[in-house]
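K.L.:
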Amino acid sequence: MSAFCASSVFTCYLLLLLLRTLHCSAESTINSTAPRRRLRQLSVNYYATSCRQLDQLVASVTAQQFKEAPVSGPATIRLFFHDCFGCDGSILISSRPGSKEMAERDAQDNKDLATEAFDVVNKAKALVESKCPGVVSCADILAIAARDFVHLVCFVEEAGHSVRPWCLMRSQMAKGLVQRIASSACNGREVEELGISISLNDLAMSGFIPPYCFFPLQFLIQSYLEMQFFFQISTSGALCLDFVNSFIEDSNFGLDMPKMSLIPRGPYYQVKKGRWDGKISMASRVYSNLPHANSTIAELLNLFSSKGLTPDDLVVLSGAHTIGFAHCKHFVSRLYDYRGTRQPDPAIDSRLLKALKMSCPSFGGNDNVVAPFDVTTPFSFDNAYYQNLESKLGLLASDQALSLDTRTKPLVQALAKDKQKFFQTFSLAMDKMGSIGVKRGPKHGERRKDCSTHMS
């Protein structure tokens, strides 16, 4: 080499420079590709070796929580929706005392998220950490828990009774009220509305009926008062008998609850995993990234399009409102001053309007009052939500608008007729939404030990 270099110093210099360049290039290639090898794609089997029993661990928590607090189901599904668009567990972070920027959880649009949903995630995370420490993200646990509740939202009494909104009638006060209403309704007699309202409020305030069970009873009673054709058709007697039997006959109206079993009702779908928890949680980012109760279809379509979702995705994902509840503040403007008209929304059934006004007066005082999105089968994950939209029984203005706009109406009609089609498309849409804005790898994400606190 020295003889060759002596004869051609310039050539030797070029060779050395080339070797150095190749060496640096190789180092650069290794350094640039190494992180990519660690960034695995979302996969159903992401934890197949590191936490094989993950789904079973989360399922044991969701089933127990749903038995103890049924509101955990719809609350957790809603929490997942609020975490996505950008499914990274940032909704779970608690604001730090003295921080200039509040966390997402404390944004105005998230303040009424039920604490039961956060409890589900925290309990599931604690169990998973005890078996697979430092492996599974909070974002993945939330996605799995939401799927579990979609699948299990339905209760049946173990004694063989038919499925019913069991929590509505569990006290002697309730029994007396229902007997009075049923007796009058089945005989075609009117019942004083003010008296009903006072009785219902007394019943709710007594603590015998949980808030999330209160409204369906009120709507049932109001429906019986308004639907006079019940007393003009041959089946009126049977309808009344069914009403009475469902809530009175062979039921225990004491304070003790009957034993309940969960039965599958909604679709079961595989959850892709591999999300990392986000390092940023800012309340200021929430409003522009969430659909709102009074959003127009155009606004909703624009928002969904910005996240890579289609008009069909909008219709299908809105079907999550087949369960769950909304506070009065989200729909009260429909009842009294729809879009500044000082009139109710014309696209709302008169019976539903009257019942909602009883619960949500225009002068306020209804911060803790809720109504079910699905007023016909509020405790079952089914396609009744779409059937309700066709009958002007949608709770939110944004829901009802889906059945009126030509861009979304055809799919509403199709899903109202075909429950299996809804289940299939909902499963696909949840997978699609659950992949939006996910964090992968330590550069952009973390794996929290405590879901409410960042790692650093």
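Count the sequence shown with mature numbering (1 follows the signal peptide of the UniProt record, and there is no 0) and you get residues -26 to -1, 1 to 430, in order. A virtual CB, placed ideally from N, CA and C, is assigned to each residue, including glycine.
Specify the secondary structure class of P184 as computed by DSSP and reduced to three states.
P.N.:
With a pLDDT of 44 at P184, under the threshold of 50, the modelled position of this residue cannot be trusted; read the value that follows with caution. Reduced to three states, the DSSP call for P184 is coil.
K.L.:
D421: which of V95, R70, G108 and L87 sits nearest, CA to CA?
P.N.:
This sequence places Arg at residue 421; Asp is not what is there. Cα-wise, what sits closest to R421 is G108.
K.L.:
Grab the span of the beta strand (DSSP E) containing H301 for me, first residue to last.
P.N.:
H301 -> beta strand (DSSP E) spans F299 to H301.
K.L.:
Three-state secondary structure (DSSP) at E42?
P.N.:
Correct three-state label for E42: helix.
K.L.:
Just to confirm, are L275 and P285 a CB contact at a threshold of 8 angstroms?
P.N.:
Contact: yes.
K.L.:
Could you compute how far the alpha carbon of S180 sits from the alpha carbon of L369?
P.N.:
Note on S180: pLDDT 46, under 50, position unreliable in the model; no value is reported.
K.L.:
Which two residues bound the contiguous alpha helix (DSSP H) that contains A388?
P.N.:
Note, A388: alpha helix (DSSP H), K383 to K391.
K.L.:
Does DSSP put V18 in a helix, in a strand, or in coil?
P.N.:
It is coil, neither helix nor strand.
K.L.:
Report buried or exposed for R70, applying the criterion of at least 16 other Cβ atoms within 10 angstroms of its Cβ.
P.N.:
Exposed: under 16 other Cβ atoms inside 10 Å.
K.L.:
Does the segment 111 to 127 come close enough to the segment 57 to 64 to have 3 or more Cβ pairs within less than 8 angstroms?
P.N.:
In short, these stretches touch, since the Cβ pair count reaches three.
K.L.:
By the three-class DSSP mapping on this structure, what secondary structure does D251 have?
P.N.:
Correct three-state label for D251: strand.
K.L.:
Any chance the segment 362 to 380 sits against the segment 306 to 325, with 3 or more Cβ pairs inside 8 angstroms?
P.N.:
Yes, the segment 362 to 380 touches the segment 306 to 325.
K.L.:
Relative to the C-alpha of A294, which residue among P44, Q27 and F123 is closest?
P.N.:
Looking at the Cα atoms, F123 is the closest of the given residues.
K.L.:
Given that a residue counts as buried once 16 or more other Cβ atoms are within 10 Å of its Cβ, and exposed if not, what is I183?
P.N.:
Interpretation of I183 is limited by its pLDDT of 44, a score under 50 that renders its predicted location unreliable; the figure taken from the coordinates is listed afterwards. By the 10 Å Cβ count, I183 comes out buried.
K.L.:
Look up E420 in the DSSP assignment and say whether it is helix, strand or coil.
P.N.:
Here E420 sits in strand by DSSP.
K.L.:
From residue 432 to H418, what does the alpha carbon distance come to, in whole angstroms?
P.N.:
Outside the modelled stretch of the chain, which goes from -26 to 430, sits residue 432, for which no answer is possible.
K.L.:
Judging by CA-CA distance, which residue of I118, H428 and T350 is the nearest neighbour of S17?
P.N.:
Cα-wise, what sits closest to S17 is I118.
K.L.:
Can you tell me which residues form a DSSP beta bridge with V349?
P.N.:
BP columns for V349 are empty, so no partner.
K.L.:
Please list the segments of the beta strand (DSSP E) lying wholly inside the segment 29 to 81, counting only runs of 3 or more residues, in order along the chain.
P.N.:
Complete beta strand (DSSP E) runs here, min 3: none at all.
K.L.:
In angstroms with no decimal places, state the Cα-to-Cα distance between L(-5) and E273.
P.N.:
Model confidence at L(-5) stands at a pLDDT of 40, short of 50, so the residue's coordinates are unreliable; what they give is reported in the following sentence. Computed Cα separation, rounded: 54 angstroms.
K.L.:
Can the beta-carbon of P48 be found less than 8 angstroms from the beta-carbon of F305?
P.N.:
In this structure, F305 does not lie closer than 8 angstroms to P48 by Cβ.
K.L.:
Given this structure, state the Cα-to-Cα distance separating M404 from T50, to the nearest angstrom.
P.N.:
Rounded to the nearest angstrom, the two C-alpha atoms are 14 angstroms apart.
K.L.:
Could you pull out every residue in the same chain whose Cβ sits closer than 7 angstroms to the Cβ of S426, ignoring the five residues on either side in sequence?
P.N.:
These residues qualify, in order along the chain: L66, I67 and S68.
K.L.:
Indicate whether the contact test is met: 3 or more Cβ pairs, each with one atom in the segment 379 to 390 and one in the segment 254 to 263, closer than 8 angstroms.
P.N.:
Contact fails: fewer than three Cβ-Cβ distances are below 8 angstroms.
K.L.:
Helix, strand or coil for K413? Go by DSSP, reduced to three states.
P.N.:
The answer is strand: DSSP assigns K413 an E or B state.
K.L.:
Closest to residue 475 by CA distance: which of V289, R14 and V94 is it?
P.N.:
For the chain, the structure presents residues -26 to 430; residue 475 sits outside this window and is missing.
K.L.:
Between L277 and the rest of its own chain, which residues show a CB-CB distance below 7 angstroms, the 5 nearest in sequence each way excluded?
P.N.:
Only P265 meet the Cβ criterion.
K.L.:
If I follow the unbroken alpha helix (DSSP H) through D122, where does it start and stop?
P.N.:
Its alpha helix (DSSP H) spans residues C112 to L126.
K.L.:
Going along the chain, which residues of its own chain have a beta-carbon closer than 8 angstroms to the beta-carbon of Y312, five neighbours each way excluded?
P.N.:
Cβ within range, chain order: P318, D319, P320 and A371.
K.L.:
Quick one: Cα of G252 to Cα of Q244, how far?
P.N.:
Near 23 angstroms, if we compare the C-alpha coordinates of Q244 and G252.
K.L.:
If we call anything under 8 angstroms between Cβ atoms a contact, is T296 one with D348?
P.N.:
Yes, these two residues count as a Cβ contact at 8 angstroms.
K.L.:
What span of residues does the alpha helix (DSSP H) with M332 cover, start to end?
P.N.:
S324 to S333 is the span of the alpha helix (DSSP H), which, as asked, contains M332.
K.L.:
Measure the C-alpha to C-alpha separation of V(-18) and Y21 and round it to an integer number of angstroms.
P.N.:
With a pLDDT of only 41 at V(-18), under the threshold of 50, the placement of this residue in the model should not be trusted; the figure read from the coordinates follows. One C-alpha to the other measures close to 58 angstroms.
K.L.:
Taking the Cβ atom as the reference point for each residue, do S307 and N268 lie within a distance shorter than 8 angstroms?
P.N.:
Yes, the pair counts as a contact, with Cβ atoms nearer than the cut-off.
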